[in-house]
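Given below as structure tokens:
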């Protein structure tokens, strides 16, 4: 599960970089489509794994597979909402539940940074 989540996240990052760092006239659409397909395949495989082997999204039970999965899905949802549409309900619910954990709230995605004072 960690490998699938990392692959999906890596492909998400490649798409974000391609659209945000490369000049529009240099964008290579066949490559973007290939990477997008790889990202979506990784997320689909991860969804299937989560359906058969659910992960814990509690402070006591979350493990590296859970953290990596939740972060990868949330990252893609935030930066590629038009690409990563609904269709992975188990992963969506898992990530949303993980995002409610104190540790996730202390290190939000976006302009916020880790806030040490938010820790218990």
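In the working numbering, the protein residues as written are 88 to 207. No residue lacks a Cβ here, since even glycine has one placed at the ideal position from N, Cα and C.
Please find out if some non-hydrogen atom of the ligand SAM comes closer than 7 Å to the beta-carbon of residue i.
{"i": "residue 162", "result": "By its list of ligands, the structure shown contains no ligand whatsoever, and the ligand SAM lies outside what it can speak to."}
Considering only residues of the same chain and omitting the five flanking positions on each side of residue i, which have a CB-CB separation below 7 Å?
{"i": "residue 134", "result": "175, 177 and 178"}
{"i": "residue 143", "result": "149 and 153"}
What does the alpha-carbon distance come out to for the pair residue i and residue j?
{"i": "residue 208", "j": "residue 93", "result": "For the chain, the structure presents residues 88 to 207; residue 208 sits outside this window and is missing."}
{"i": "residue 161", "j": "residue 100", "result": "12 Å"}
{"i": "residue 137", "j": "residue 110", "result": "37 Å"}
{"i": "residue 155", "j": "residue 106", "result": "24 Å"}
{"i": "residue 170", "j": "residue 146", "result": "30 Å"}
{"i": "residue 126", "j": "residue 96", "result": "7 Å"}
Whose C-beta lies closer than 6 Å to the C-beta of residue i among residues of the same chain, with five residues either side of it excluded?
{"i": "residue 103", "result": "166"}
Is it buried or exposed, residue i, if we count other Cβ atoms within 10 angstroms and call 16 or more buried?
{"i": "residue 98", "result": "buried"}
At least three beta-carbon pairs within less than 8 Å, the region 183 to 194 to the region 113 to 123: no
Within the region 172 to 197, ranges of the alpha helix (DSSP H) (whole runs, at least 4 residues): 176 to 186 and 189 to 192
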